[in-house]
Amino acid sequence: MLLYYKLIIVSLEGLSHLNDTLLVNYRLQGEGEYSFDFHSHQEYEIYFFHAGSCRYLIHNQIYDLEPGDLLLMDGLTLHKPNVHPNSEYIRSVVHFSPQWIKGLLVELDSLYLIEAFQKLHHCLIRTNENGESKRLEELICRLAEVSRSSQLENLHRETEMKVLLLQVLISVHRLGQITSIKIPNQKTEKIKHAENIAAYIQHNYSEKLTLSFISEALNLSKSYVSHVFKEMTGFTVMEYVMACRLTQVKYSLEMEPDKPLHHIAFECGFESAAHFSRYFREKVGMTAKEYRRLRLENM
Numbered sequence: 001m002l003l004y005y006k007l008i009i010v011s012l013e014g015l016s017h018l019n020d021t022l023l024v025n026y027r028l029q030g031e032g033e034y035s036f037d038f039h040s041h042q043e044y045e046i047y048f049f050h051a052g053s054c055r056y057l058i059h060n061q062i063y064d065l066e067p068g069d070l071l072l073m074d075g076l077t078l079h080k081p082n083v084h085p086n087s088e089y090i091r092s093v094v095h096f097s098p099q100w101i102k103g104l105l106v107e108l109d110s111l112y113l114i115e116a117f118q119k120l121h122h123c124l125i126r127t128n129e130n131g132e133s134k135r136l137e138e139l140i141c142r143l144a145e146v147s148r149s150s151q152l153e154n155l156h157r158e159t160e161m162k163v164l165l166l167q168v169l170i171s172v173h174r175l176g177q178i179t180s181i182k183i184p185n186q187k188t189e190k191i192k193h194a195e196n197i198a199a200y201i202q203h204n205y206s207e208k209l210t211l212s213f214i215s216e217a218l219n220l221s222k223s224y225v226s227h228v229f230k231e232m233t234g235f236t237v238m239e240y241v242m243a244c245r246l247t248q249v250k251y252s253l254e255m256e257p258d259k260p261l262h263h264i265a266f267e268c269g270f271e272s273a274a275h276f277s278r279y280f281r282e283k284v285g286m287t288a289k290e291y292r293r294l295r296l297e298n299m
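Count the sequence shown with UniProt numbering and you get residues 1 to 299, in order.
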């Protein structure tokens, strides 16, 4: 069983899954009653933007998305969509466990199909809604249909879903080759400043950070740092600081299973063990000890 945390808050309308190793969301519209938060997860993610307005923050990069844009993410990199509350927002999302599909890829000598997730960690492919992107959308639609179907036996359904996911990955790889994984170079001054703020936090989240300290380090006013980061990402500077710390804590809990919890908390920037415990439980929905145990059991 793979875990999805309270830190990920998404609408479940149209969500399809098989044994929690694959989750498909086809043409989800708007936010519904849910909001979006900074999040990270263990699964690889294919995010397909169809229509509307969305500015997406991944690590310390901000992308203004256009219809047909594809985002590939390794999941562990902190990411978050920033959507205007009154604008249209249509996207499809596929989360999949690399371990679930790896056996088939090895058998077919096709591990190169997930190299972009492993080596780049995240990238943008601008398809301009070409013919191959239309084919990809059809494949994702079919993948969602099969995953929801109760008419197929589980074994047959899993086989068909793996075959469809393989076709999705082939289509994504073709699109990457066609567009050379294009990332836009022209960005506004505000976006550049917000990216610099995010980059500074990413490198210094384990230190005692305040808005004043960050502003001084970047030679910007406190009010400007606060305003521009909120405007560009939809969240406050300190919310991002805490999200960075939590992401690193989750990684360390799994990668350093013998390290005491309070040591990990302090190394990741939490000054109080009590505050760490409360914050972790609030965001993840379980204690750090429970999280570590579950992650290690599923390795």
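From the three backbone atoms N, C-alpha and C, an ideal C-beta is built for every residue, glycine too.
Proximity of residue i and residue j at Cβ, strictly below 8 Å
i    : j    : result
F48  : I140 : yes
L175 : S133 : yes
K80  : T233 : yes
S92  : E137 : yes
A194 : F229 : yes
V237 : I214 : yes
M161 : L294 : no
P98  : Y56  : no
K190 : E145 : no
Y89  : C54  : yes
Residue i - partner residues in DSSP beta bridges
i           : result
H95         : L23 and E45
L253        : According to DSSP, L253 bridges with nothing at all.
L261        : The partner list for L261 (beta bridge, DSSP) is empty, contrary to what the question assumes.
G234        : G234 is not bridged to any residue.
M286        : Its beta-bridge partners do not exist; DSSP assigns none.
G52         : Y89
I62         : L57
P81         : Y56
residue 305 : Residue coverage of the chain in this structure runs from 1 to 299, which leaves residue 305 outside it and unanswerable.
Q29         : I90
With 16 other Cβ atoms within 10 Å as the buried cut-off, status of residue i
i    : result
H275 : exposed
E33  : In this predicted model, E33 has a pLDDT of only 33, less than 50, meaning its place in the structure is not dependable enough to derive any value.
L108 : exposed
D258 : exposed
S147 : buried
V94  : buried
L71  : buried
E207 : exposed
H122 : buried
V163 : exposed
K102 : exposed
M255 : exposed
S35  : The pLDDT assigned to S35 is 44, lower than 50, so where the model puts this residue is not dependable; a value taken from the coordinates is nonetheless given after this. Under this definition S35 is an exposed residue.
Euclidean distance between Cα positions of residue i and residue j
i           : j    : result
S277        : C244 : 16 Å
L78         : L253 : 17 Å
residue 306 : Q42  : Because residue 306 is not part of the residues shown, which for the chain are 1 to 299, the question remains open.
residue 303 : D64  : Nothing can be reported for residue 303, as the shown portion of the chain is limited to 1 through 299.
D69         : I178 : 13 Å
I201        : R126 : 28 Å
N219        : H227 : 15 Å
V168        : F117 : 14 Å
R281        : G131 : 45 Å
A51         : M73  : 20 Å
L124        : K192 : 17 Å
F235        : L155 : 43 Å
E29         : R142 : In the sequence under discussion, the amino acid at residue 29 is Gln, which differs from the Glu named in the question. Whole-angstrom Cα-Cα distance: 18 Å.
I'd like the ranges of any alpha helix (DSSP H) spanning at least 4 consecutive residues and lying wholly in the region 105-174. 131-148
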